[in-house]
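Trainee:
There are 2 protein chains.
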Amino acid sequence: MATMSTSSPSRSPRGRAYRGVSIEARRAGRRHKILQAGVAVIGSQGFHATTVKAVCVEAGLTERYFYESFSNSEALLCEAYAHIITQLRERIAASLNAHQGQPDTLMAAALTSYYSYLRDHPEHARLIMIEILGVSPMVDQQYRRVMEEFAQFLRSTRQALYPGTAQDDLHESMVATGLIGALVNMAMRWMLSGYREPLESVVAAAQTVLVAVTTHLADNHLASSESPSDG
Amino acid sequence: MATMSTSSPSRSPRGRAYRGVSIEARRAGRRHKILQAGVAVIGSQGFHATTVKAVCVEAGLTERYFYESFSNSEALLCEAYAHIITQLRERIAASLNAHQGQPDTLMAAALTSYYSYLRDHPEHARLIMIEILGVSPMVDQQYRRVMEEFAQFLRSTRQALYPGTAQDDLHESMVATGLIGALVNMAMRWMLSGYREPLESVVAAAQTVLVAVTTHLADNHLASSESPSDG
DNA sequence: ACCATCTGACAACAATTCGTGTCACTTTAC
DNA sequence: GTAAAGTGACACGAATTGTTGTCAGATGGT
């Protein structure tokens, strides 16, 4: 703070205020506008049908400001993807913080926040589940990294809730990858059907899968000979 | 053979033989060549980077014969997708027929044939898991239909192996959708990592997920009056 | 031998889009 | 008030691609 004199409005030939807004703030605002517009257009028209001009029209800006903040459409797609994933992560984290309690409650809260976010933002859903794929190897890798992050989050959460049930590392991470895929595929079906089924059904099915695999892993670790639902 | 008289090479002003091959056979051959070339190019370059010319060069034919058999690139993609899915289904079915026995053996056989097919045909894998998505709503629906078919196959197989454990219809189909997504996402991770992990690890992880959910559903069905997590 | 059909190579045209440049107008600094 | 920087609208060239059309040469039936 107290850096209000970073560029004293006197001598700088470049970067002066305009309409009472600094150049950084103006750029950031334009960038944000384009990002929002990009999400809207890509998520509704599809990435391949998205032109730079369409994004600019949606943002109320011109192409010049597109290239001011993004080198091309692919860069915009990546930023939009990262932006949405951040929002999603924050929403899930907030939901977990608000529902501290039983593991089942936590799980239901996280799943509900995940699926309701996708339902409430269908353009975001389409972007992060469909449009992000098959654009380029670099974009595919970004997608994969994010999915692996969620898988790791799943693993660490399970470890926290059921400590002492660690398993073979590769096996466990593979299973976590599968579970994430299960959640995503249910979301994709739900989205492609126009969110026809009730949210509770999707959450219940997702919970069934997660609980099934979690208890199975725990039972297998204990070399179970007792009733599985005893816990 | 012995069908040499299908179209007697006498009176037809159109469609005569050429190099000893009937016009239907020539067309079918060209169509097949283009289909194969399409799979190769789309699966390696990606659908968006695939041009009609590139497919024709790969097939050793010219654009004219492309449009003889396909109205555009999207049609080629759909046919290629259907072609690969048919191959995959046949391979899985053959594997199931060859390994009649315990449920576990059957499951391992089916999963092994699935993942080994993807490993042995990486271009096919890329096409059916990545390139097919986000092209157009119609293509998306075709993808969704196929995924639901596999989910239904999973359900009916489970019903056959564990009869009398039917559950709520929507719930069960949602769970099946999730399981298919788990298998596919493990395949996608495997593919995008260059098939780094051994096949057996992927199959084992997939089997863990399937067995966990299957037994969980059976257990829940037997204790349907109790709710083990509700307390 | 002769003509219609088949084939392959490639030209040609239209349409699209990217990325940059121009120009008039507005706002700010001095 | 003036000049420089900021803004917006739009034009422009370049490149790419889908799709159809042309044309010379090969092949087959009679």
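Listed in order, the protein sequences are those of chains F and H.
Just so you know, we're using my numbering here: the first sequence kicks off at 1252 and counts up by one.
Just so you know, we're using my numbering here: the second sequence kicks off at 1252 and counts up by one.
Where is the CB? At the ideal position from N, CA and C, for every residue including glycine.
Taking only the alpha-carbon atoms, compute the straight-line gap between serine 1346(H) and valine 1292(F) and give it to the nearest angstrom.
Mentor: If you draw a straight line from the Cα of serine 1346(H) to the Cα of valine 1292(F), it is about 45 Å long.
Trainee: I want to see whether chain F comes within less than 8 Å of serine 1256(H), judged by CB atoms only; does it?
Mentor: With a pLDDT of 37 at serine 1256(H), under the threshold of 50, the predicted position of this residue should be treated as unreliable, and no value is reported.
Trainee: Pick helix, strand or coil for tyrosine 1368(F), following the three-state DSSP scheme.
Mentor: Residue state, collapsed to three classes: helix.
Trainee: With burial defined as no fewer than 16 other Cβ atoms inside 10 Å of the residue's Cβ, what is the status of arginine 1447(F): buried or exposed?
Mentor: exposed
Trainee: Contact check, cysteine 1307(H) vs threonine 1313(H) under 8 Å by CB: the rounded distance?
Mentor: 6 Å
Trainee: Short of 8 Å Cβ to Cβ, which residues in the region 1288-1313 of chain H face chain F?
Mentor: Cβ contacts with chain F come from Gly1297, Phe1298, His1299.
Trainee: Using 8 Å for Cβ pairs, my map puts arginine 1267(H) next to serine 1320(H). What's the rounded Cβ distance?
Mentor: Contact doesn't hold; Cβ gap of about 19 Å is too wide.
Trainee: Is arginine 1440(F) close to chain H? Criterion is C-beta to C-beta, closer than 8 Å.
Mentor: yes
Trainee: So, helix, strand or coil for tyrosine 1446(F), using DSSP?
Mentor: coil
Trainee: According to DSSP, what are the bridge partners of valine 1272(F)?
Mentor: In the DSSP output, where bridge partners are listed per residue, valine 1272(F) has Tyr1269(F).
Trainee: Does DSSP put methionine 1437(F) in a helix, in a strand, or in coil?
Mentor: Of the three classes helix, strand and coil, the one that applies to methionine 1437(F) here is helix, per DSSP.
Trainee: Only counting runs of 4 or more residues, tell me where the alpha helix (DSSP H) segments fall wholly within the region 1376-1425 of chain H, in order along the chain.
Mentor: Within the region 1376-1425 of chain H, the complete alpha helix (DSSP H) runs of at least 4 residues are 1388-1412.
Trainee: Taking the straight line between their C-alpha atoms, what separation do you get for phenylalanine 1401(H) and isoleucine 1431(H)?
Mentor: 7 Å
Trainee: Alanine 1345(H) lies in the alpha helix (DSSP H); which residues open and close that run?
Mentor: Here the alpha helix (DSSP H) through alanine 1345(H) covers 1324-1349.
Trainee: Taking all protein chains shown into account, decide if glutamate 1382(F) is buried (16 or more other Cβ within 10 angstroms of its Cβ) or exposed.
Mentor: buried
Trainee: How about leucine 1384(H) and tyrosine 1332(H): are their beta carbons less than 8 Å apart?
Mentor: no
Trainee: Any C-beta of chain H within less than 9 Å: which residues of the region 1323-1337 of chain F qualify?
Mentor: Listed in sequence order: no entries.
Trainee: Chain H beta carbons: is any one of them nearer than 8 Å to that of leucine 1421(F)?
Mentor: By this cut-off, leucine 1421(F) is an interface position.
Trainee: Check whether the Cβ atoms of valine 1460(F) and alanine 1438(F) lie closer than 8 Å to each other.
Mentor: no
Trainee: So, does the region 1415-1422 of chain F touch the region 1361-1369 of chain F, judging by three or more C-beta pairs under 8 Å?
Mentor: no
Trainee: Is there at least one Cβ from chain H nearer than 8 Å to alanine 1469(F)'s Cβ?
Mentor: no
Trainee: Assuming leucine 1468(F) contacts glutamine 1418(F) under a Cβ cut-off of 8 Å, what Cβ separation, rounded to an integer in Å, is found between them?
Mentor: So it is a contact: roughly 6 Å between Cβ atoms.
Trainee: Measure the alpha-carbon distance for glycine 1429(F) versus glycine 1271(H) and round it to whole angstroms.
Mentor: 53 Å
Trainee: Under 8 Å, CB to CB, which of the residues in the region 1384-1395 of chain H have a partner in chain F?
Mentor: Sequence-ordered contacts of the region 1384-1395 of chain H with chain F read Leu1384, Gly1385, Val1386, Ser1387, Asp1391, Gln1392, Arg1395 [C-beta pairs closer than 8 Å].
Trainee: According to DSSP, is glycine 1297(F) helix, strand or coil?
Mentor: coil
Trainee: CB-CB under 7 Å to valine 1397(F), same chain, minus the five flanking residues each way: which ones, in chain order?
Mentor: Ile1336
Trainee: So which of Thr1466(F), Arg1342(F), Ala1288(F), Phe1298(F) has the shortest CA-CA distance to arginine 1409(F)?
Mentor: Thr1466(F)
Trainee: What is the rounded straight-line gap between the Cα of glycine 1415(H) and the Cα of serine 1407(H)?
Mentor: 12 Å
Trainee: If the criterion is Cβ atoms closer than 8 Å, does the pair histidine 1350(F) and leucine 1357(F) meet it?
Mentor: yes
Trainee: Does leucine 1430(F) have its Cβ less than 8 Å from a Cβ in chain H?
Mentor: Chain H, which has a Cβ nearer than 8 Å to the Cβ of leucine 1430(F), makes this yes.
Trainee: Determine the closest residue to arginine 1342(H) out of His1372(H), His1299(H), Trp1441(H), with distance taken between C-alpha atoms.
Mentor: His1372(H)
Trainee: Got a sec? Which residues, its chain only, sit under 6 Å from methionine 1380(H) by beta carbon, not counting five neighbours each side?
Mentor: Met1439
Trainee: Please identify the residue among Leu1286(H), Ala1326(H), Arg1277(H), Glu1399(H) whose C-alpha is closest to the C-alpha of valine 1390(H).
Mentor: Ala1326(H)
Trainee: Does glycine 1280(H) come out as helix, strand or coil in the three-state DSSP assignment?
Mentor: helix
Trainee: Would you kindly work out how many angstroms separate the C-alpha atoms of valine 1453(F) and valine 1303(F), rounded to a whole number?
Mentor: Answer to the nearest angstrom: the Cα atoms are 36 Å apart.
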